[in-house]
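Q:
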């Protein structure tokens, strides 16, 4: 069975500081990893996925299969980055509808 | 472009009752998934439907059921409600069954008293 762990429930940084949200996963196959974000009073939305290898809003995430991690990073945090962030895993195959989510990390960026 | 819409937004039910939650996917999306989010936890997968057929089921009791209609909208039904069923129920749609991102609705907040 797959599992996603986000060890930090809360993370606070100051504007302009680097930020890293940790995500570790447990899955025996080749997973597909995602980061979803939920801003205040908005719906859950996709931030990025590892297969795209893209940078969204300055965030990047690299899949490290050796460490089974998919940490989310941004070199200079902005106040508008304050939100709830969820790491999620898809067990592969044809079903993107079935995601396993972590518990989430609340990021607060102070001015 | 309308996003995923869910109704109702809030609902209060009594233990033992039955509830039906509704979801309309983004136009053109054929896959709908349902998630339960208990306070303080991440969303937990309940069902996925694609082309009106169940394609995946999470670890939920048989009290939970769902269906998808020809217009790709979906209903989630929960029978014999328990206090522990109190949660935010999220619906998500995607263009295809695989390799397309999920778009979430705002959810239905269910409170069981």
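Residue numbers (the working numbering), protein chains in the order written: chain P, 1 to 111; chain B, 112 to 224.
A virtual CB, placed ideally from N, CA and C, is assigned to each residue, including glycine.
Everything numeric in this text was worked out from a predicted model, so none of it was measured.
1. In chain P, which residues lie with their C-beta within 8 Å of the C-beta of residue 182 of chain B?
2. Going by C-alpha to C-alpha distance, which of P/99, P/107 and P/104 sits closest to residue 146 of chain B?
3. What is the DSSP secondary structure of residue 104 of chain P, counted as helix, strand or coil?
4. Quick check for students: name the residue ranges of the beta strand (DSSP E) that lie wholly in the segment 140-196 of chain B, counting only runs of 3 or more.
5. Does the distance from the CB of residue 25 of chain P to the CB of residue 3 of chain P come in under 8 Å?
6. Does any CB atom of chain P fall closer than 8 Å to the CB of residue 213 of chain B?
7. Along the beta strand (DSSP E) that carries residue 89 of chain P, what are the first and last residues, could you check?
8. So residue 44 of chain P packs on residue 70 of chain P, CB below 8 Å; how close in whole Å?
9. On the CB-based measure, 16 or more other CB atoms within 10 Å of its CB, does residue 97 of chain P come out buried or exposed?
10. Could you tell me the boundaries of the beta strand (DSSP E) in which residue 198 of chain B lies?
11. Nearest by alpha-carbon distance to residue 143 of chain B: which of B/162, B/123, B/193 and B/118 is it?
12. Taking DSSP as the reference, what is the three-state secondary structure of residue 54 of chain P?
13. What is the residue span of the beta strand (DSSP E) that residue 121 of chain B lies within?
14. In its own chain, which residues sit with a C-beta less than 8 Å from the C-beta of residue 13 of chain P, not counting the 5 before and 5 after it?
15. Please report how far the alpha carbon of residue 6 of chain P lies from the alpha carbon of residue 159 of chain B, in whole angstroms.
16. Which value, in whole angstroms, describes the spacing of the CA atoms of residue 88 of chain P and residue 211 of chain B?
17. Could you tell me the boundaries of the beta strand (DSSP E) in which residue 36 of chain P lies?
18. 8 Å is my cut-off, CB to CB: does residue 152 of chain B come that close to chain P?
19. Would you mind stating whether residue 140 of chain B and residue 201 of chain B have Cβ atoms separated by less than 8 Å?
20. By how many angstroms is the C-alpha of residue 129 of chain B removed from the C-alpha of residue 116 of chain B?
A: In terms of the structure at hand:
1. Chain P residues near residue 182 of chain B: none, gap ~18 Å exceeds 8 Å.
2. P/99
3. coil
4. 142-148, 155-161, 164-168, 175-179 and 185-189
5. yes
6. yes
7. 83-90
8. Actually they are not in contact, since the Cβ atoms of residue 44 of chain P and residue 70 of chain P sit about 17 Å apart, beyond 8 Å.
9. buried
10. 198-205
11. Residue B/162 is the option with its Cα nearest to residue 143 of chain B.
12. coil
13. 121-124
14. 19, 77, 107, 108, 109 and 110
15. So the alpha carbons of these two residues sit roughly 25 Å apart.
16. 14 Å
17. Counting along the chain, the beta strand (DSSP E) containing residue 36 of chain P begins and ends at 32-38.
18. Closer than 8 Å to some Cβ of chain P, the Cβ of residue 152 of chain B qualifies, so yes.
19. no
20. 21 Å
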